[in-house]
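Residue numbers (our numbering): 328 to 811.
Don't be surprised by glycine CBs; every beta carbon is placed ideally from N, CA and C.
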């Protein structure tokens with residue numbers, strides 16, 4: 328049975344994204360007073376705990392979906408972005424995403440602004456829901472109700488025809504517990520715990536690299552808005568799908584560009600969401616444009632990915648546009664020159680538009696995740712390092728001989744190896760890079776980042792460099808003295 332879906336809909340600036348974040352219990356959707364911040368459908372897995380009266384009950388799960396504001400860009404307004412593009416072109420795409428969200432929903436949260444009363448666009452949304460025969464699935468939510476004294480003034484909102492509105496404040500949390508109770512009651516008959524995603528795959532790159540097209544191709548449906556208008560994707564959008572019996576989540580991120588080119592706070596938030604996506608993913612897909620050379624934007628993304636130890640697939644998108652004009656070998660030489668720190672990462676040429684190469688990207692992502700989670704035996708690890716050191720050891724101007732006493736893998740994701748040596752400084756810099764490359768040659772970590780931690784051999788009685796300090800009587804927390 329598929330996971331039930333809840334869609335939050337309404338006109339712009341009624342607080343849909345704030346309500347989404349409040350229900351989820353964390354900030355996922357970007358919240359900003361600028362109209363049009365949310366354009367795509369933003370999803371999260373909502374877990375509704377059992378009521379306090381029955382704490383032993385099972386939680387109820389649902390996919391919660393935040394949608395763009397209905398009627399966001401009026402063609403008469405001529406909203407133009409910094410590149411001179413008419414944003415009204417996006418209106419049909421945003422409304423199409425809203426239509427898809429409500430068509431797939433088991434419950435619709437029709438959200439209005441209690442401080443504004445009923446606006447003309449609220450009536451349009453109400454008519455849209457009735458036309459699609461969704462009245463019975465709809466819960467009317469009056470947002471920005473701060474306390475009980477405001478509840479009696481909601482009669483006008485109730486006239487929209489979806490029953491008495493539920494008064495809530497997404498900002499303070501007032502009324503949210505009651506709303507969750509209503510949702511739980513509707514979902515209990517159809518909800519079950521969803522299959523856990525095996526991996527989270529963040530798709531990152533510059534603007535207009537084709538990230539949203541790739542996500543839609545992977546999902547097999549128009550899940551996110553695709554447009555030639557740069558910066559269409561603002562949030563990071565999680566899209567869950569199953570391919571060949573394996574479940575994964577692809578995170579579509581906002582296109583990244585240099586900080587000096589940012590035009591508003593929304594772009595700063597979007598960049599932050601892309602960085603967060605890298606931090607929480609299992610595997611990153613760095614999407615490059617075959618028609619463009621690698622730039623400082625890609626170099627900054629590579630640094631972010633490697634600093635966090637994430638495996639990465641280098642995906643060259645729009646290859647169909649240059650096939651026959653540009654040899655793959657020439658482009659690979661260009662990447663070796665511009666992105667040398669990714670020399671170990673697998674590369675795949677693809678077309679998000681035609682679907683060519685998509686299965687290779689997914690297969691590589693699972694393979695890299697497995698590599699990053701592998702744990703090598705201590706015996707094989709020490710034997711490998713001993714052979715590498717015999718082939719070529721660190722050099723020292725002072726003539727000190729480098730010695731490795733012991734090595735052990737102390738972590739995965741990324742594989743982390745502690746190496747106990749006589750002089751850690753002998754292994755830093757150039758020799759560390761050489762050792763990393765050789766370890767990739769001889770161990771099952773050939774295509775993922777590896778972390779090495781060098782430490783000097785401790786003397787008797789000294790703590791191990793990789794051990795946690797033991798808590799002594801002097802370091803234990805003691806209760807504060809004094810009465811209540």
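Could you check if residue 499 is buried or exposed, using at least 16 other CB atoms within 10 Å of its CB as the buried criterion?
exposed
Residues sharing a beta bridge with residue 573, DSSP
570
Would you mind sorting residue 609 into buried or exposed? The rule is 16 or more other CB atoms within 10 Å of its CB.
buried
Can you give me the start and stop residues for the alpha helix (DSSP H) that residue 535 sits inside?
From DSSP, residue 535 is part of no alpha helix (DSSP H); its letter is neither H nor E.
Go through its chain and collect everything with a Cβ distance to residue 657's Cβ below 8 angstroms, but skip five positions before and after it.
none
The alpha helix (DSSP H) spanning residue 476 covers which residue range?
Run containing residue 476: none; DSSP gives neither H nor E here.
For residue 781, name the three-state secondary structure that DSSP assigns.
strand
Measure the alpha-carbon distance for residue 533 versus residue 659 and round it to whole angstroms.
19 angstroms
At the level of alpha carbons, what is the spacing between residue 475 and residue 491?
15 angstroms
Is it buried or exposed for residue 606, if we count other Cβ within 10 angstroms and need 16 for buried?
exposed
Could you name the residues of the same chain whose beta carbon sits closer than 8 angstroms to that of residue 336, not counting the 5 residues immediately before and after it, in chain order?
343, 394, 397, 425, 428, 429, 435, 436, 437, 438, 452 and 456
Are the beta-carbon atoms of residue 640 and residue 612 separated by less than 8 angstroms?
yes
Does the distance from the CB of residue 503 to the CB of residue 372 come in under 8 angstroms?
no
Decide if the segment 708–728 is in contact with the segment 660–675; the criterion is three or more beta carbon pairs, one per stretch, under 8 angstroms apart.
no
So the alpha helix (DSSP H) residue 504 belongs to, where does it begin and stop?
503–514
Out of curiosity, what's the CA-to-CA distance linking residue 676 and residue 545?
15 angstroms
Residues in the same chain with beta-carbon distance under 7 angstroms from residue 769, minus the five sequence neighbours each way, listed in chain order, please.
711
Can you give the Cα-Cα distance for residue 652 and residue 646, rounded to whole angstroms?
10 angstroms
Alpha-carbon spacing of residue 773 relative to residue 736, whole angstroms
16 angstroms
Between the segment 463–482 and the segment 528–543, do three or more beta carbon pairs fall short of 8 angstroms?
no
Helix, strand or coil for residue 693, going by three-state DSSP, please let me know.
helix
Would you mind stating whether residue 526 and residue 575 have Cβ atoms separated by less than 8 angstroms?
yes
Once DSSP output is grouped into helix, strand and coil, what is the label at residue 736?
strand
Measuring only the C-alpha atoms, how far is residue 707 from residue 760?
20 angstroms
What is the C-beta distance between residue 468 and residue 507, in whole angstroms, given that I count them as a contact (C-beta under 8 angstroms)?
Going by Cβ atoms, the distance from residue 468 to residue 507 rounds to 12 angstroms, so no, they are not a contact pair.
Residue nearest to residue 470 in terms of C-alpha spacing, selected from 444, 462, 727 and 463
444
Between the Cα of residue 740 and the Cα atoms of 781, 715, 783 and 693, which residue gives the shortest distance?
693
Quick one: what's residue 528 bridged to in DSSP?
577 and 610
Is the distance from the Cβ of residue 617 to the Cβ of residue 648 below 8 angstroms?
yes
Please classify residue 361: is it buried, with 16 or more other beta-carbons within 10 angstroms of its beta-carbon, or exposed?
Summary for residue 361: the model assigns pLDDT 44, below 50, so the residue's position carries little reliability; its value from the coordinates is reported in the next sentence. It counts as exposed.
CA nearest to the CA of residue 571, picked from 516, 432, 686 and 614
686
For residue 359, which three-state DSSP category applies?
With a pLDDT of 43 at residue 359, under the threshold of 50, the modelled position of this residue cannot be trusted, and the question is left open.
Per DSSP, which residues does residue 643 bridge with? Please list them.
615 and 676
If the criterion is Cβ atoms closer than 8 angstroms, does the pair residue 698 and residue 743 meet it?
no
Other residues of its chain near residue 486: CB distance less than 8 angstroms, five sequence neighbours each side excluded:
445
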